[in-house]
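*Asks:* What follows is a single structure, and I will ask about it in a moment.
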Amino acid sequence: MLKKFLLAAGGVVASGYFALSGYAWYHDRAYAAQSAQRTSWSVENGRIRTLLDERACYYCHASTQKLPGYARLPGISQLSAYDVEAGSKAFQIDALFASLQNGTPAPEADLAKLEAVVKDNSMPPLRFRAVHWNAALSNADRALLLAWIGKQRQTHYASADVAAEFSNEPVQPLPASIPVESRKVALGERLFHDPRLSADNTVSCASCHKLSKGGVDGLKTSLGVGAQVGPINAPTVFNAALNHRQFWDGRAGTLQEQAGGPPLNPIEMASTSWAQIIAKLEQDKSLSDAFRKVYPDGYSGAAITDAIAEFEKTLITPSRFDAYLRGKKTALNAVELRGYELFKTNRCATCHVGQNLGGQSFEMMGLKGDYFHDRGTALTAADNGRLSATGDERDRYRFKTPTLRNVELTAPYFHDGSTGDLNEAVRVMLKYQTGKELPDADVDALVAFLKSLTGTYKPYAAH
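So the sequence shown is numbered by our numbering: it starts at 248 and just counts up by one.
Structure below.
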């Protein structure tokens, strides 16, 4: 009797399992078929989107999920909600989908993330594949995706002078220079160091971004007019021109827009208006004469920030690592090379990508652990991250990935300046972003590699 009952129960379970799997197969195929009907897309982009849809990447990584009906069943709904939340934190695929539709370059960090999971075959997760039999990537699928990623990277992101063997690396050497207008650079340099941009003539851009100290001030959070304590750690100004957006929360889309923020911020430079600043600058005949030669209409907030941004484009710091990527094999020693390999195998390069080794995406602080709980201090408005700029709850605790260039010089680390030691910063990132704890020798190698990113700034006049 018991045997018959168990057989019957097993049959019910098996029937339910096969029914769910069959329904999942039909749902995924039907949704993916929409890609094939997008006739305005390029053939290549349509193939990639169809493949990603057939593997149901949109379930957990798109802003709007089209889940199958069974995902509402008790037990399954909770598991689905967990996977969707975790997937959204790790990778939001909307921008990649948009690039496929519009024929624009795929986001650089998205390429690196997709490449990583394709290479180690970690997506979709095994429990997802257990129901979605068609979700696993075949060898042909993986080859197609990797070829497309390589083509995207070499077409849109590879540096002009990168050695051929490194043209498909997730990180690239710095450009030798960025095109600028020399006269604007000269004006911008003067204004960058001019404290008259602040209300009491005590704080300049250079106060928080010291070019002699890695482009930062070395403080946990910066001090403004009247020694007011700012809410967030000052990011380096070096190589900032290579960032996708500016500020930790990405609220500024350009260097010029960023340059316009601090002068009118009541904590930082505390000027009440550009008119207040301009009234002081107009008293300087030498500066005013030089300014009007470049900007015939004279001073304005737009012109002042345009000049500062032009100067900041010259703050490029090539390093030994750049020489290595350009083909100089002796530029890095064995420990540094091992550190670079660890940097890639531990997926550091999925976020710290491109010429700036960062600055291209917004990432969740605490993917593998509750960083803010463990920090042991109260949450602040600065901890909201990208949410402050977008109002999108999915962006809470998400921050622009900082550049790792000159990281040896830019302590303390993270948006909250909570860690002053580079070795410890690496361990924190491993714990909360990858869920790993590496041996001391591996951490030391990673730190050695990071120190190879310390570059040399050559003032523009010396070029």
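Even for Gly, the Cβ is constructed at its ideal location relative to N, Cα and C. These numbers were taken from a predicted model, which means no experiment stands behind them.
By Cβ distance below 6 angstroms, which residues in the same chain neighbour F568 in space, the five residues on each side in sequence not counted?
*Replies:* The sequence position of residue 568 within the sequence shown is 321, counting from 1. Excluding sequence neighbours, F568 sits near S699, L700.
*Asks:* Pull the bridge partners of K457 from the DSSP assignment, please.
*Replies:* By one-based count along the sequence shown, residue 457 stands at place 210. Answer is V463, bridged to K457.
*Asks:* Taking the straight line between their C-alpha atoms, what separation do you get for N480 and C455?
*Replies:* The residue given as residue 480 occupies position 233 in the sequence shown. The residue given as residue 455 occupies position 208 in the sequence shown. Going from the Cα of N480 to the Cα of C455 covers about 10 angstroms.
*Asks:* Sort Y571, V364, D689, D357 by Cα distance to R585 and report the nearest one.
*Replies:* The sequence position of residue 585 within the sequence shown is 338, counting from 1. Nearest option by C-alpha distance: D689.
*Asks:* For D441, I'd like the list of residues in its chain whose CB is within less than 7 angstroms of its CB, leaving aside the five on either flank, ordered along the chain.
*Replies:* Sequence index remark: in the sequence shown, residue 441 carries index 194 (1-based). Same-chain partners within the cutoff: S451.
*Asks:* Quick one: what does DSSP say Y270 is sitting in, helix, strand or coil?
*Replies:* As a working mapping, residue 270 is identified with position 23 in the sequence shown. Summary for Y270: the model assigns pLDDT 48, below 50, so the residue's position carries little reliability, and this model does not support an answer.
*Asks:* For T666, write down the residues that DSSP places opposite it in a beta bridge.
*Replies:* Looking up residue 666 in the sequence shown gives position 419. According to DSSP, T666 bridges with Y660.
*Asks:* Note down the Cα distance separating K366 from R389, rounded to an integer number of angstroms.
*Replies:* If you number the sequence shown from 1, residue 366 lands on position 119. If you number the sequence shown from 1, residue 389 lands on position 142. Their backbone Cα atoms lie some 8 angstroms apart in a straight line.
*Asks:* Going by C-alpha to C-alpha distance, which of L384, K576, T297, M612 sits closest to E412?
*Replies:* In the sequence shown, the residue the question calls residue 412 occupies position 165. Closest by alpha carbon: K576.
*Asks:* Measuring CB to CB, does A517 end up less than 7 angstroms from A446?
*Replies:* The residue you call residue 517 lines up with position 270 of the sequence shown. The residue you call residue 446 lines up with position 199 of the sequence shown. Closer than 7 angstroms, so yes.
*Asks:* Per DSSP, which residues does F646 bridge with? Please list them.
*Replies:* Position 399 of the sequence shown, counting from 1, holds the residue named residue 646. Paired residue(s): E610.
*Asks:* Starting from R319, trace the alpha helix (DSSP H) in both directions and tell me its first and last residue.
*Replies:* Taking the first residue of the sequence shown as 1, we reach residue 319 at position 72. From DSSP, R319 is part of no alpha helix (DSSP H); its letter is neither H nor E.
*Asks:* Three or more C-beta pairs under 8 angstroms: does that hold for the segment 481 to 489 against the segment 529 to 540?
*Replies:* As far as the Cβ criterion goes, the segment 481 to 489 does not touch the segment 529 to 540, which means the pair count is below three.
*Asks:* Roughly how many angstroms lie between the CA atoms of S665 and P659, to the nearest whole one?
*Replies:* As a position in the sequence shown, residue 665 is number 418, starting the count at 1. As a position in the sequence shown, residue 659 is number 412, starting the count at 1. Cα-Cα distance, rounded: 7 angstroms.
*Asks:* What residue from E684, N603, A423, A629 has the CA that sits closest to V654's CA?
*Replies:* Taking the sequence shown and counting its residues from 1, one reaches residue 654 at position 407. V654 has its Cα closest to that of N603, out of E684, N603, A423, A629.
*Asks:* Name the residue from D544, A672, V432, N512 whose alpha carbon lies nearest to the alpha carbon of L697.
*Replies:* The residue you call residue 697 lines up with position 450 of the sequence shown. For L697, the nearest C-alpha among the options comes from A672.
*Asks:* Going by beta-carbon coordinates alone, are T681 and K360 separated by less than 7 angstroms?
*Replies:* Within the sequence shown, the letter at position 434 stands for residue 681. Within the sequence shown, the letter at position 113 stands for residue 360. Taking 7 angstroms as the Cβ cut-off, T681 and K360 do not qualify as a contacting pair.
*Asks:* Could you say which of S608, T449, S424 lies nearest to Y704 if we only look at CA atoms?
*Replies:* Indexing the sequence shown from 1 puts residue 704 at position 457. Measuring from the Cα of Y704, the nearest candidate turns out to be S424.
*Asks:* How is S566 classed by DSSP in three states: helix, strand or coil?
*Replies:* By 1-based counting over the sequence shown, the position of residue 566 is 319. Residue state, collapsed to three classes: strand.
*Asks:* In whole angstroms, give me the CA-to-CA distance for G350 and D536.
*Replies:* The residue labelled residue 350 in the question sits at position 103 within the sequence shown. The residue labelled residue 536 in the question sits at position 289 within the sequence shown. Those two C-alpha atoms are separated by around 46 angstroms.
*Asks:* How big is the Cα-Cα spacing for T657 and W495?
*Replies:* As a position in the sequence shown, residue 657 is number 410, starting the count at 1. As a position in the sequence shown, residue 495 is number 248, starting the count at 1. For T657 and W495, the distance between alpha carbons rounds to 15 angstroms.
*Asks:* Can you tell me whether DSSP reads A255 as helix, strand or coil?
*Replies:* The residue labelled residue 255 in the question sits at position 8 within the sequence shown. In this predicted model, A255 has a pLDDT of only 49, less than 50, meaning its place in the structure is not dependable; the value taken from the coordinates is given anyway. If DSSP states are grouped into helix, strand and coil, A255 belongs with the helices.
*Asks:* Relative to the C-alpha of G473, which residue among P565, T648, R492, E515 is closest?
*Replies:* The residue you call residue 473 lines up with position 226 of the sequence shown. Looking at the Cα atoms, E515 is the closest of the given residues.
*Asks:* Which of the three DSSP states, helix, strand or coil, is assigned to V694?
*Replies:* Translated into positions along the sequence shown, residue 694 becomes position 447. Here V694 sits in helix by DSSP.
*Asks:* With a 10 Å radius around its C-beta and 16 neighbouring C-beta atoms as the bar for buried, classify L373 as buried or exposed.
*Replies:* The residue you call residue 373 lines up with position 126 of the sequence shown. Exposed: under 16 other Cβ atoms inside 10 Å.
*Asks:* Start and end of the alpha helix (DSSP H) containing Y679?
*Replies:* Reading the sequence shown from its first residue, position 432 is the one you call residue 679. Per DSSP, Y679 belongs to no alpha helix (DSSP H) and is neither H nor E.
*Asks:* Return helix, strand or coil for V673, following the three-state DSSP convention.
*Replies:* Translated into the one-based positions of the sequence shown, residue 673 becomes position 426. Three-state DSSP puts V673 in a helix.
*Asks:* Given this structure, state the Cα-to-Cα distance separating Y270 from A309, to the nearest angstrom.
*Replies:* For the purposes of this step, residue 270 is identified with residue 23 of the sequence shown, where counting begins at 1. For the purposes of this step, residue 309 is identified with residue 62 of the sequence shown, where counting begins at 1. With a pLDDT of 48 at Y270, under the threshold of 50, the modelled position of that residue is not reliable, and the figure given next carries that caveat. Going by the C-alpha atoms only, they are around 21 angstroms apart.
*Asks:* When DSSP builds the beta bridges, which residues end up paired with Q493?
*Replies:* One-based indexing of the sequence shown puts residue 493 at position 246. Answer by DSSP bridge pairing, in chain order: A499.
*Asks:* Strictly by DSSP, which residues pair up with V476?
*Replies:* Locating residue 476 in the sequence shown gives position 229, where the first residue counts as 1. For V476, which the question treats as bridged, DSSP gives the partners L470.
*Asks:* How far does the alpha helix (DSSP H) with Q523 in it extend, from its first residue to its last?
*Replies:* Numbered from its first residue, the sequence shown carries residue 523 at position 276. Segment 521 to 528, the alpha helix (DSSP H) holding Q523.
*Asks:* Can you tell me the Cβ-Cβ gap for G477 and T483, rounded? I've got them flagged as a contact below 8 angstroms.
*Replies:* Residue 477 sits at position 230 when you count from the first residue of the sequence shown. Residue 483 sits at position 236 when you count from the first residue of the sequence shown. At roughly 15 angstroms, the Cβ-Cβ gap does not stay under 8 angstroms, so G477 and T483 are not in contact.
*Asks:* Quick one: what's G702 bridged to in DSSP?
*Replies:* Against the sequence shown, residue 702 aligns to sequence position 455. For G702, which the question treats as bridged, DSSP gives the partners S566.
*Asks:* Below 8 angstroms on the Cβ atoms is my guess for L347 versus N415; work out the distance and round it to an integer in Å.
*Replies:* To locate residue 347, count along the sequence shown from 1; it is residue 100. To locate residue 415, count along the sequence shown from 1; it is residue 168. Rounded, the Cβ-Cβ distance is 20 angstroms, inconsistent with contact.
*Asks:* Taking all protein chains shown into account, decide if Q339 is buried (16 or more other Cβ within 10 angstroms of its Cβ) or exposed.
*Replies:* Locating residue 339 in the sequence shown gives position 92, counting from the first residue. So Q339 ends up on the buried side.
*Asks:* Find the nearest neighbour of R498 within the set S406, R400, D642, judged by alpha-carbon distance.
*Replies:* On the sequence shown, position 251 is the one that residue 498 refers to. For the residues S406, R400, D642, the minimum Cα distance to R498 belongs to D642.
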